[in-house]
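Working notes for the structure below.
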Amino acid sequence: MNNTKSYAAFNAIDPLAPFEFNRREVRPHDVQIEILYCGVCHSDLHQARNEWGGSIYPMVPGHEIVGRVIKTGQHVTKFKEGDIAGVGVMIDSCRTCKNCLNDLENYCTEGMTGTYNGMERDGLTIAQGGYSTQIVVDERYVLHVSSSLDLKAVAPLLCAGITTWSPLRYAGVTSEMKVAVAGLGGLGHMGVKFAVSFGAEVTVLSTSPSKEADAKKLGAHHFLLTTDKEAMQKHNSYFDVILDAISANHNYEKYLNLLDVNGKLLVVGLPSEQPQVNPFSLITNRRSIIGSMIGGMKETQEMLDYCAEKNITSDVEVITMQQINEAYERMLKGDVHYRFVIDIASLK
Numbered sequence: 002m003n004n005t006k007s008y009a010a011f012n013a014i015d016p017l018a019p020f021e022f023n024r025r026e027v028r029p030h031d032v033q034i035e036i037l038y039c040g041v042c043h044s045d046l047h048q049a050r051n052e053w054g055g056s057i058y059p060m061v062p063g064h065e066i067v068g069r070v071i072k073t074g075q076h077v078t079k080f081k082e083g084d085i086a087g088v089g090v091m092i093d094s095c096r097t098c099k100n101c102l103n104d105l106e107n108y109c110t111e112g113m114t115g116t117y118n119g120m121e122r123d124g125l126t127i128a129q130g131g132y133s134t135q136i137v138v139d140e141r142y143v144l145h146v147s148s149s150l151d152l153k154a155v156a157p158l159l160c161a162g163i164t165t166w167s168p169l170r171y172a173g174v175t176s177e178m179k180v181a182v183a184g185l186g187g188l189g190h191m192g193v194k195f196a197v198s199f200g201a202e203v204t205v206l207s208t209s210p211s212k213e214a215d216a217k218k219l220g221a222h223h224f225l226l227t228t229d230k231e232a233m234q235k236h237n238s239y240f241d242v243i244l245d246a247i248s249a250n251h252n253y254e255k256y257l258n259l260l261d262v263n264g265k266l267l268v269v270g271l272p273s274e275q276p277q278v279n280p281f282s283l284i285t286n287r288r289s290i291i292g293s294m295i296g297g298m299k300e301t302q303e304m305l306d307y308c309a310e311k312n313i314t315s316d317v318e319v320i321t322m323q324q325i326n327e328a329y330e331r332m333l334k335g336d337v338h339y340r341f342v343i344d345i346a347s348l349k
């Protein structure tokens, strides 16, 4: 077995602490990856603290993983030792349902296997994530990463990147469209970068005037303060697409009213309370609310290839593994621009 150093949550209350466990031996179709960097997603905190329920301890979080291949199984064809590789939010799926067969493994009808906080499909092994020195994954769920990019800034693309790329692509965003991004955090800043790269007219929606300078630095063309009632009224029926990346509780109606005919509200944020929606805001202009959850393996690889071509990465702050508990507290305060990334060398 492969002894692995990590940091884990041992319960919902105590800080994450050092933990050693064994990864499985490399099977014929497996890739063993030495982890170099792992992004810190807000969902890591939710699950470590059992805020969504059903957490399994000890839990090694982390699903934004970039590393170097150090071993491959005898039947592996897509990777070789030395390749730079990535692992995202899932490490398996049923592979046989209609969604898996259509490259939508993220919507597997049996449920995808998450990178951590769940059982692997053998029903015996607890999946453990990227706050660790290595990981072993079937090659079908491993991604190629260009070595031309800043690897520490690539890690968040494996969740924040694909989470915003997929709905924007599904909505068909082009240079002819007006796009707004609500919530300028780990998800929202990637939404801005992608929408700008697609050629759209991009506006950031925020309750914080201080976010305007950041929005412009990220390439947004406009900034709309959502507490300014007069400015909001002027933008009624203005946008074709709004990417809602707000994780705090909020009123969907405020954003629906900004959508033009056939406008789409793309929901990727996860508020703790169910939002209220006025049907009149939907039937006006034939608007729709569309949810989206990461992307399939093919789409995620397309996103990574596009990012390599366009030199798009996340804005990150690199931390040591020993700083993770401080990072969680700062994340709760919104004190990060825009994603923490762990340098896994600090574990060794």
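Residue numbers (my numbering): 2 to 349.
Quick reminder that beta carbons are idealized off the backbone N, C-alpha and C, glycines included.
For clarity, every value in this text was computed on a predicted model and none was experimentally measured.
1. Let me check understanding here. Comparing Cα to Cα, which of D316, K153, V269, E52 lies closest to Y171?
2. Return the bridge partner residues of N3 from the DSSP annotation.
3. Identify, in the order they occur along the chain, each residue of the same chain with its Cβ nearer than 6 Å to the Cβ of R341, setting aside the five sequence neighbours on each side.
4. For I85 versus V138, is the C-beta spacing smaller than 7 Å?
5. Can you look up C95 in the DSSP assignment and give me helix, strand or coil?
6. Have a look at H30, I295, N279 and flag the residue whose alpha-carbon is nearest the alpha-carbon of E140.
7. Just checking my contact of N279 with E303 at CB under 8 Å: how many whole Å lie between their CB atoms?
8. Quick one: Cα of S133 to Cα of S94, how far?
9. What ranges does the beta strand (DSSP E) occupy inside the segment 145-175, keeping only unbroken runs of at least 3 residues that lie completely in it?
10. I'd like to confirm something about T114: is its beta-carbon nearer than 6 Å to some heavy atom of the ligand COA, or not?
11. Return the CA-CA distance between G184 and I313, expressed in angstroms with no decimal places.
12. Which complete beta strand (DSSP E) runs does the segment 177-230 hold, if anything under 3 residues is left out?
13. Determine which residues share a DSSP beta bridge with V1 and list them.
14. Around the Cβ of Q135, are there at least 16 other Cβ atoms within 10 angstroms (buried) or fewer (exposed)?
15. Would you kindly work out how many angstroms separate the C-alpha atoms of A249 and Q75, rounded to a whole number?
16. DSSP three-state call for S133: helix, strand or coil?
17. Below 8 Å on the Cβ atoms is my guess for V88 versus I66; work out the distance and round it to an integer in Å.
18. Secondary structure at Y350, three-state DSSP: helix, strand or coil?
19. Taking the C-alpha atoms as reference points, what is the distance between D123 and F11?
20. Given a cut-off of 7 Å on the beta-carbon distance, is the pair L257 and S289 in contact?
21. Just how far apart, CA to CA, sit L105 and D241?
22. Secondary structure at A346, three-state DSSP: helix, strand or coil?
23. Is the beta carbon of P157 less than 7 Å from the beta carbon of S273?
24. Identify the continuous beta strand (DSSP E) that holds I320 and give its terminal residues.
25. Taking Cβ to Cβ, would you say L206 is nearer than 7 Å to A181?
26. Return the first residue and the last residue of the alpha helix (DSSP H) that S44 is part of.
27. Have a look at T97 and D229 and give me their C-alpha separation to the nearest angstrom.
28. Going by alpha carbons, who is nearest to G119 out of S147, P19, E213, G63?
Reading from the atomic positions:
1. As a working note, residue 171 is residue 170 in the sequence shown. If we check each option's Cα against that of Y171, V269 comes out closest.
2. Start at 1 with the first residue of the sequence shown, and residue 3 comes out as number 2. N3 is bridged to R24.
3. Working through the sequence shown from its first residue, we reach residue 341 at position 340. Reading off the sequence shown, one finds Phe at residue 341, where the question assumed Arg. Only V41, E318, I320, A328 meet the Cβ criterion.
4. Here residue 85 refers to the residue found at position 84 when the sequence shown is read from its first residue. Here residue 138 refers to the residue found at position 137 when the sequence shown is read from its first residue. Not closer than 7 Å, so no.
5. Position 94 of the sequence shown holds residue 95. The answer is coil: DSSP assigns C95 none of H, G, I, E or B.
6. In the sequence shown, residue 140 corresponds to position 139, counting from 1. For the residues H30, I295, N279, the minimum Cα distance to E140 belongs to H30.
7. Sequence index remark: in the sequence shown, residue 279 carries index 278 (1-based). Sequence index remark: in the sequence shown, residue 303 carries index 302 (1-based). The pair is not a contact, with the Cβ atoms about 37 Å apart (cut-off 8 Å).
8. Looking up residue 133 in the sequence shown gives position 132. Looking up residue 94 in the sequence shown gives position 93. Answer to the nearest angstrom: the Cα atoms are 22 Å apart.
9. Here no run is fully enclosed.
10. Because no ligand of any kind appears in the structure shown, any question about the ligand COA cannot be addressed here.
11. The residue you call residue 184 lines up with position 183 of the sequence shown. The residue you call residue 313 lines up with position 312 of the sequence shown. About 19 Å.
12. Restricted to the segment 177-230, the beta strand (DSSP E) segments that are unbroken, complete and at least 3 residues in length are 179-183, 202-207, 223-226, listed in chain order.
13. Lying outside 2 to 349, the shown extent of the chain, residue 1 is not represented and no answer is given.
14. As a position in the sequence shown, residue 135 is number 134, starting the count at 1. Buried: at least 16 other Cβ atoms inside 10 Å.
15. Locating residue 249 in the sequence shown gives position 248, counting from the first residue. Locating residue 75 in the sequence shown gives position 74, counting from the first residue. Distance between the alpha carbons of A249 and Q75: 47 Å.
16. Taking the first residue of the sequence shown as position 1, residue 133 is located at position 132. Of the three classes helix, strand and coil, the one that applies to S133 here is strand, per DSSP.
17. Here the question's residue 88 lines up with position 87 in the sequence shown. Here the question's residue 66 lines up with position 65 in the sequence shown. The C-beta distance from V88 to I66 rounds to 4 Å, short enough to meet the 8 Å contact threshold.
18. The first residue shown for the chain is 2 and the last is 349, placing residue 350 beyond what the model contains.
19. One-based indexing of the sequence shown puts residue 123 at position 122. One-based indexing of the sequence shown puts residue 11 at position 10. Their backbone Cα atoms lie some 23 Å apart in a straight line.
20. Counting from 1 along the sequence shown, the entry for residue 257 is found at position 256. Counting from 1 along the sequence shown, the entry for residue 289 is found at position 288. In this structure, L257 sits away from S289, with a CB-CB distance that is not shorter than 7 Å.
21. Here residue 105 refers to the residue found at position 104 of the sequence shown. Here residue 241 refers to the residue found at position 240 of the sequence shown. Going by the C-alpha atoms only, they are around 25 Å apart.
22. Here the question's residue 346 lines up with position 345 in the sequence shown. For A346, the secondary structure class from DSSP, reduced to helix, strand or coil, is helix.
23. Along the sequence shown, read from residue 1 onward, the residue named residue 157 stands at position 156. Along the sequence shown, read from residue 1 onward, the residue named residue 273 stands at position 272. Remark: C-beta atoms of P157 and S273 do not approach each other more closely than 7 Å.
24. Counted from its first residue, the sequence shown places residue 320 at position 319. Taken as a continuous stretch (DSSP letters only), the beta strand (DSSP E) holding I320 covers 317-321.
25. Start at 1 with the first residue of the sequence shown, and residue 206 comes out as number 205. Start at 1 with the first residue of the sequence shown, and residue 181 comes out as number 180. Between L206 and A181, the CB-CB gap stays under 7 Å.
26. Counting from one through the sequence shown, the residue named residue 44 turns up at place 43. Per DSSP, S44 belongs to the alpha helix (DSSP H) from 43-49.
27. Here residue 97 refers to the residue found at position 96 when the sequence shown is read from its first residue. Here residue 229 refers to the residue found at position 228 when the sequence shown is read from its first residue. In this structure, the CA atom of T97 is about 50 Å from the CA atom of D229.
28. Walking along the sequence shown from the start, residue 119 turns up at place 118. Selected option, being the one with the closest Cα: G63.
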